[in-house]
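Okay, so here's the structure we're looking at.
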Amino acid sequence: MSDIKKITDVEYKMVISLYPIWKELNSSIKSIYSRGVNFHEVFSEFIVCYINNYYHSLGSGSEDAYTSDMKKKVQVKASSNFNSDLTSFGPTSEFDILEFARLNQEENKLYLYKIPIDNLYNINVNSNETFKEQQQSGRRPRFSIIEKYIKEYNLKHYAVVDMITGLYF
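Per the working numbering: the sequence shown = residues 46 to 214.
Structure, rendered in structure tokens:
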């Protein structure tokens, strides 16, 4: 098992304090270049772990976290574009829970979703292949979680994090 740790209150507050810096950097870069700065996984992983009381995984496995009882592996994905995403998975990704963090930069809110994975391996990632087929051929499956799950199944978020104050509900 990988090295793991709980996200402390201090670490959570630090990540929240870094968000306005990331947002300003992203905005400045986008003013002179077509692409902005990726939403770093420290935001999505630390916040999801903190809110759910997960252990953050520091090791070399494909999981990002473990549930508090250490029985389930958690994968955390995120998008800094509220309306669209192209989420990729490693060819050997293994997890029991899929979490998705969806940032609304205008509101400075991060919406958290639990994505059902019962049918994940059968999702069409292109016109010819499923998620599982791409993994089996050693490639990284890519698809939109927003389109294939959140919109398709009208999924509701389970938490909203204010990225300025750190408060969540």
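Think of the CB as a built atom: it goes at the ideal place given N, C-alpha and C, for glycine as much as any other residue.
Residues that residue i bridges to, as DSSP identifies them
i           : result
residue 132 : 188
residue 147 : 124, 156
residue 118 : 111
residue 175 : 169
residue 101 : 50, 110
residue 213 : 206
residue 142 : 119
Cβ pair residue i, residue j closer than 8 Å
i           : j           : result
residue 117 : residue 143 : no
residue 111 : residue 99  : yes
residue 148 : residue 157 : no
residue 108 : residue 145 : no
residue 153 : residue 190 : no
residue 69  : residue 91  : no
residue 150 : residue 125 : yes
Sequence-distant residues of the same chain with beta carbon closer than 6 Å to residue i, five excluded per side
i           : result
residue 177 : 166
residue 162 : 143
residue 113 : 98
Same chain, Cβ closer than 7 Å to residue i, five either side skipped, listed in chain order
i           : result
residue 193 : 168
residue 170 : 176, 179, 186, 187, 188
residue 52  : 91, 94, 95, 101
residue 75  : 81
residue 49  : 100, 101, 102, 103, 111
The region 102–113 touching the region 61–74, judged by at least three CB pairs closer than 8 Å: no
Cβ pair count under 8 Å reaching 3, the region 166–186 against the region 122–137: yes
Cβ pair count under 8 Å reaching 3, the region 192–211 against the region 72–87: Contact between the region 192–211 and the region 72–87 is absent: fewer than three C-beta pairs spanning the two stretches fall below 8 Å.
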